[in-house]
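Undergrad: Heads up: the protein sequence lines correspond to chains A and B, in order. Numbers 0 to 556, taken from numbering that gives the first Met the number 0, label the letters of the first sequence in order. Numbers 0 to 556, taken from numbering that gives the first Met the number 0, label the letters of the second sequence in order. Glycine included, every Cβ here is placed at the ideal spot set by N, Cα and C.
2 protein chains.
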Amino acid sequence: MTLKTTLSDLEIANKVAMKPIAEIAEAANIPEEALEQYGKYKAKIDHTKIPQNLEGKVVLVTATSPTPAGEGKSTVTVGLSDALRQLDQNVMVALREPSLGPVMGIKGGATGGGYAQVVPMQDINLHFTGDLHAITTANNALSALIDNHIHQGNELGIDPRRILWKRVLDMNDRSLRKVLIGLGGPTQGVPREDGFDITVASEIMAILCLATSLENLKERLSRIVIGYTYEKKPVYVKDLGVEGALTLLLKDAFKPNLVQTIEGTPALIHGGPFANIAHGCNSIMATQTARKLADIVVTEAGFGADLGAEKFMNIKARQGGFAPDAVVVVTTIRALKMHGGVAKNELSSENVAALKNGIPNLEKHIDSIRQFGIEPIIALNRFISDTENELEAIISWAHQNGIRIARTNVWEEGGKGGLELANHVLEVLGQPKSFTHLYETSDPVEKKIEAIVQRIYGGNGVQFTDKAKKQIYQIEQFGWDDLPICMAKTQYSLSDNPNELGRPENFTVTVREVIPKLGAGFLVCLTGEIMTMPGLPKKPAALKMDVAEDGSALGLF
Amino acid sequence: MTLKTTLSDLEIANKVAMKPIAEIAEAANIPEEALEQYGKYKAKIDHTKIPQNLEGKVVLVTATSPTPAGEGKSTVTVGLSDALRQLDQNVMVALREPSLGPVMGIKGGATGGGYAQVVPMQDINLHFTGDLHAITTANNALSALIDNHIHQGNELGIDPRRILWKRVLDMNDRSLRKVLIGLGGPTQGVPREDGFDITVASEIMAILCLATSLENLKERLSRIVIGYTYEKKPVYVKDLGVEGALTLLLKDAFKPNLVQTIEGTPALIHGGPFANIAHGCNSIMATQTARKLADIVVTEAGFGADLGAEKFMNIKARQGGFAPDAVVVVTTIRALKMHGGVAKNELSSENVAALKNGIPNLEKHIDSIRQFGIEPIIALNRFISDTENELEAIISWAHQNGIRIARTNVWEEGGKGGLELANHVLEVLGQPKSFTHLYETSDPVEKKIEAIVQRIYGGNGVQFTDKAKKQIYQIEQFGWDDLPICMAKTQYSLSDNPNELGRPENFTVTVREVIPKLGAGFLVCLTGEIMTMPGLPKKPAALKMDVAEDGSALGLF
């Protein structure tokens, strides 16, 4: 295999002759009255004006545990949709929308790569249609309203030391992680500790992604717990009476965004919650809108199958009232070699033994998908350094174990490089499915967590800290326990130790805290330090950015 | 005069059958390739694709010193443009865009009122096309980059105690006025004092409004002074090397936004800087784009003529390379009665004596406009409580003093209520003009400030605090003195004492600080406490907001 292109993602994207978005919409059977254009190549879709024609099947793309080698999950997701379209399928792709914060820090976008990209990539990676800004605004309006309530007499008796609700910015800004606010005397608010998260970590992002209607959005916002009173009673947004205002600020952001792939496949890009303290999937609204318009909807979930796919099944699909019809697990020979113990700078040398050492990571993720009653397909995403011996090793392993496997080369070839995978997907979609949840939300909290740790991570069991035990007790007392679990665990390992690559065995997972997110409708289990506000590197990507004379972006990727 | 409508502004706006924005654009001779739609009724205009056909005349709408009675400057601005259109003129109106922060706090928009409004008012008053969000992002990206620079070794030697650049949010949030950031230990940045302003107070807002091209925008961003080194040397954005990234974040926000008035007159709404610490006018880019497309451009400036109009002449028009061709001074009988000593709750009773007592405020603003070589027109904005005796008193005063005066009733009648004013404007536009600046930027700093205080405010002179004197000395040392002055003064009085209504005499103005804003290109003179981050009231407007079933806003106005 030789590399046919040396162009950057941005160069490839800029060479595309995009179709006007109205044309993409028309081809996707989106009625004109449902289309709200944002420039010539982006639009918001008013989902209330979409006819209830179809009930498309859902293909979930997930991956092995992420490594610095990169797996190319978004790229495969885009390429698979293009491949299905080449096979004359009525297909849409539904992706998460990127956060602007990291764009300023580390070169690299979130719109696929090579010839399997969504466009206009510049816009999508910058302000796009303003969804993240609307979420930032709603989040911080709530913060301002909380502090104003306390300043103006604190009728609800909110304890300023027990406020859970933090401010956010769509920015990598470590200096805002921990701040003191309300300084400067009696006219400047009440002093208290606070902190800023990055916008995608806001519960409002999770809510926007899980709400099933504008009414449901408002209802979810109303039940956010913002903190506790001096008597340690929970304070909800509805106690402040501002759920209407927050809904108003989010009403346009709630509409899915239509763009296109390089090959012209319609793409809905909407919502992008963290995949650790939140569920890491694009919005239910976008997925369901796509299902009304297309026979097949290809979508993805964050990190590896232990995090994103598990949450897709147990949180998103459950709350959305649907189930995936096929699951693709993306992996690369390079990634598996890293799981097998090879250092990043030695990945280009053939190493069949290390590859075989790394395969158990893939094996566990395959096993996890089967726990849900779905027969997964491996997408072996090709890289130029892959050798024939390595390819042979993994393909024969898959065949011996009766697992579907397809090579993909979508980065270089677009949809054509995903045809083998697409044919497998079509075969699976033609078979009956027997989807099953991993647990019932009515199960005890500890039992739900144990189900995930034992059956998805492959751990022996769970240890709960005293703090977590106390929190679970409180959650039960308040009647908040009938909710799915959102595990906040390192993405690098199946265990809670990021250094344990491959398929760790004989481990327990420690749950340090259990935090109720009633608006999102899940209980977050912290198993380690989770960074909710990233920092910038020593040489931020911002230093290379500029605008060309024609107004287009430079140095973005 | 009887009131013909009892509908709210929102109800009136919602009853309008808006034209598709493409139709408005076509009628305004905006080429299709220059139009970037944002939904069906908003668009951004790519000014580089507008033909250089016309060189429209500029009508500036200003007002007497603001009172709680309200003058209706934006309403008259919109109504005048509709009236000119009714007289078959090729006209556009160019307005400031509102800040979202105050919308959450105090009911009331910034899009005119009654039958003289711009629409869609809901959108304009909420996120609109995202300009303010882009400014917030660029501002805070710069903050994050500054703090990251210090955290990563501080190569430039920035003194964390001498950073001038503050963070911003488009929010009324008093608790963020003064904060401590960078807390939590060595991985969380360097602790320092900081504070948040509201986005419209950001220097980047002023820069966006004064830049004359994308290149000029970048150049202005590069010369922002963000603070000083340990050696007290200024640190510019160009020293950090991030002006390209900031320009990239602002490239779409830099394009003017097209909407329409209720009567279908094309309106450009773009930029809205504070009228105290900044210059309070819409963008040069919008005004100049409108001048290319229309024979007459009606625009406004913030607060009374002493602030907005003075800055329009000495800052905006100077930096934009044009001059206003006519000036309208809006006043009301109610406002003048307040300047004459009447309390707000007694305004509905006839009081000719108080009216006559208040006229000197109007008289001084008329005199100020004449200082620029322009003969102003008074727009007497009618209110239902005005009596015939009161009307007679002010009209005969104007006639005796040879001042043009026109009654306007645009709130109730739309353009029809502005025809008398429009005819006066057309007569003035037909006469030769002899515009002159109040001072040269090359004059000494003190002399420029004195010119404004003596000739515009009617004061005896200026007192400079020791701090201000030292700052002026430093400004001269750094070679930053060849810039116009941006006075930050109370809007309620011609003096620097907000309680002195009418036309104060025998006063001096105290300049406490002089702050260089090199990106904006002016020197801010603080004459009192200027609030750059408002707070929310005890019962914020947010409590009444909601979304109707059809997705439209409720309780917004």
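Check the Cβ-Cβ distances between Ile49 (chain B) and every residue of chain A, and say whether any is below 7 Å.
TA: Interface flag for Ile49 (chain B) against chain A is unset, since no Cβ pair is found closer than 7 Å.
Undergrad: Using a C-beta cutoff of 7 Å, does Asn153 (chain A) count as contacting chain B?
TA: no
Undergrad: Check the Cβ of Arg176 (chain A) against every Cβ in chain B and list those closer than 7 Å, keeping chain order.
TA: Chain-ordered, the chain B residues with CB closer than 7 Å to the CB of Arg176 (chain A) read Gly183 and Gln187.
Undergrad: DSSP beta-bridge partners for Gln187 (chain B)?
TA: Beta-bridge pairing links Gln187 (chain B) to no other residue.
Undergrad: If you reduce the DSSP assignment to three classes, tell me which class Met0 (chain A) lands in.
TA: At Met0 (chain A) the pLDDT is 41, less than 50, meaning the model places this residue with poor confidence and gives no usable figure here.
Undergrad: Does the stretch 141-159 of chain B come close enough to the stretch 534-545 of chain A that 3 or more CB-CB pairs lie under 8 Å?
TA: yes
Undergrad: Please determine if the stretch 375-391 of chain B and the stretch 226-236 of chain B are in contact, where contact requires at least 3 C-beta pairs separated by less than 8 Å.
TA: Using a C-beta cut-off of 8 Å, the stretch 375-391 of chain B makes no contact with the stretch 226-236 of chain B, since fewer than three inter-stretch Cβ pairs fall below that distance.
Undergrad: Quick check on this structure: which residue in B:Arg454, B:Ala210, B:Val326 and B:Ala487 has the alpha carbon closest to the alpha carbon of Lys56 (chain B)?
TA: B:Val326
Undergrad: Would you report the Cα separation of Val178 (chain B) and Val258 (chain A), rounded to the nearest angstrom?
TA: Cα-Cα distance, rounded: 41 Å.
Undergrad: Can Val513 (chain A) and Ala467 (chain A) be called in contact, C-beta distance under 7 Å?
TA: yes
Undergrad: Give me the subset of the stretch 163-174 of chain B whose CB atoms are less than 9 Å from a CB atom of chain A, sorted by chain position.
TA: Taking 9 Å as the Cβ-Cβ cut-off, the stretch 163-174 of chain B approaches chain A at Arg166, Leu168, Asp169, Met170, Asn171, Asp172, Arg173 and Ser174, given in chain order.
Undergrad: Determine the chain A residues that contact Val546 (chain B) at a beta-carbon separation under 8 Å, and present them in chain order.
TA: Per Cβ cutoff of 8 Å: Leu213, Lys217, Gly243, Thr246, Leu247 and Lys250.
Undergrad: With DSSP as the reference, label Leu536 (chain B) as helix, strand or coil.
TA: Strictly speaking, residue 536 (chain B) in this sequence is Pro, with Leu absent from that position. Three-state DSSP puts Pro536 (chain B) in coil, outside helix and strand.
Undergrad: Kindly indicate which three-state DSSP category Asp251 (chain B) falls into: helix, strand or coil?
TA: coil
Undergrad: Following the continuous beta strand (DSSP E) through Gln116 (chain B), name the residue where it begins and the one where it ends.
TA: Ala115 to Val118
Undergrad: Less than 7 Å between CB atoms is the rule here; does Gly129 (chain B) satisfy it with respect to chain A?
TA: yes
Undergrad: Exposed or buried, which one is Gln36 (chain B) when buried takes at least 16 other CB atoms within 10 Å?
TA: buried
Undergrad: Rounded C-beta distance between Asp193 (chain B) and Lys217 (chain B)? I'm assuming under 8 Å.
TA: In fact, because the Cβ distance is near 26 Å, the residues do not count as touching under 8 Å.
Undergrad: I'd like the ranges of any alpha helix (DSSP H) spanning at least 4 consecutive residues and lying wholly in the stretch 303-356 of chain A.
TA: 332-338
Undergrad: Specify the secondary structure class of Lys72 (chain A) as computed by DSSP and reduced to three states.
TA: helix
Undergrad: DSSP three-state call for Glu499 (chain B): helix, strand or coil?
TA: Reduced to three states, the DSSP call for Glu499 (chain B) is coil.
Undergrad: What does Thr136 (chain B) reach in chain A if we use C-beta pairs closer than 8 Å?
TA: Leu99, His126, His132, Asp169 and Met170
Undergrad: State the DSSP-derived secondary structure class of Asp81 (chain B), mapped to helix, strand or coil.
TA: helix
Undergrad: For Gly435 (chain B), count the other beta carbons within 10 Å of its own beta carbon; 16 or more makes it buried, fewer makes it exposed. Which is it?
TA: The sequence given here places Thr at residue 435 (chain B); Gly does not occur at that position. With fewer than 16 Cβ atoms within 10 Å of its Cβ, Thr435 (chain B) is classed as exposed.
Undergrad: Quick one: grab the DSSP three-state call for Ala293 (chain B).
TA: The answer is coil: DSSP assigns Ala293 (chain B) none of H, G, I, E or B.
Undergrad: Interface residues of chain B around His269 (chain A) at Cβ under 7 Å?
TA: Listed along chain B, no residue sits closer than 7 Å to His269 (chain A) by beta-carbon distance, the nearest being about 16 Å off.
Undergrad: Using 10 angstroms around the beta-carbon of Pro323 (chain B), count the other beta-carbons present and answer buried if the total reaches 16, otherwise exposed.
TA: buried
Undergrad: Could you spell out where the alpha helix (DSSP H) holding Ala397 (chain A) opens and where it closes?
TA: Glu387 to Gln399
Undergrad: My output table needs one value for Gly417 (chain A): the three-state DSSP class, helix, strand or coil.
TA: helix
Undergrad: In whole angstroms, what separates the C-alpha of Thr440 (chain A) from that of Lys432 (chain A)?
TA: 22 Å
Undergrad: Give me the residue from B:Pro67, B:Ala68 and B:Ser73 with the minimum Cα distance to Thr61 (chain B).
TA: The shortest Cα separation from Thr61 (chain B) among B:Pro67, B:Ala68 and B:Ser73 belongs to B:Ser73.
Undergrad: Pick out whichever of A:Val117, A:Ala519 and A:Thr526 has its Cα sitting closest to the Cα of Val79 (chain A).
TA: Checking the sequence, you will find Leu at residue 79 (chain A) rather than Val. That would be A:Val117, whose Cα lies nearest to the Cα of Leu79 (chain A).
Undergrad: With distance defined between alpha-carbon atoms, name the residue in B:Leu292, B:Ala24, B:Val508 and B:Thr407 nearest to Glu54 (chain B).
TA: B:Leu292
Undergrad: Under three-state DSSP, which class holds Asn13 (chain B)?
TA: helix
Undergrad: Count the other C-beta atoms from every protein chain shown that fall within 10 angstroms of the C-beta of Ser282 (chain B), then say buried if there are 16 or more, exposed otherwise.
TA: buried
Undergrad: Return yes when the Cβ of Thr407 (chain A) is within less than 7 Å of the Cβ of Val58 (chain A), no when it is not.
TA: no
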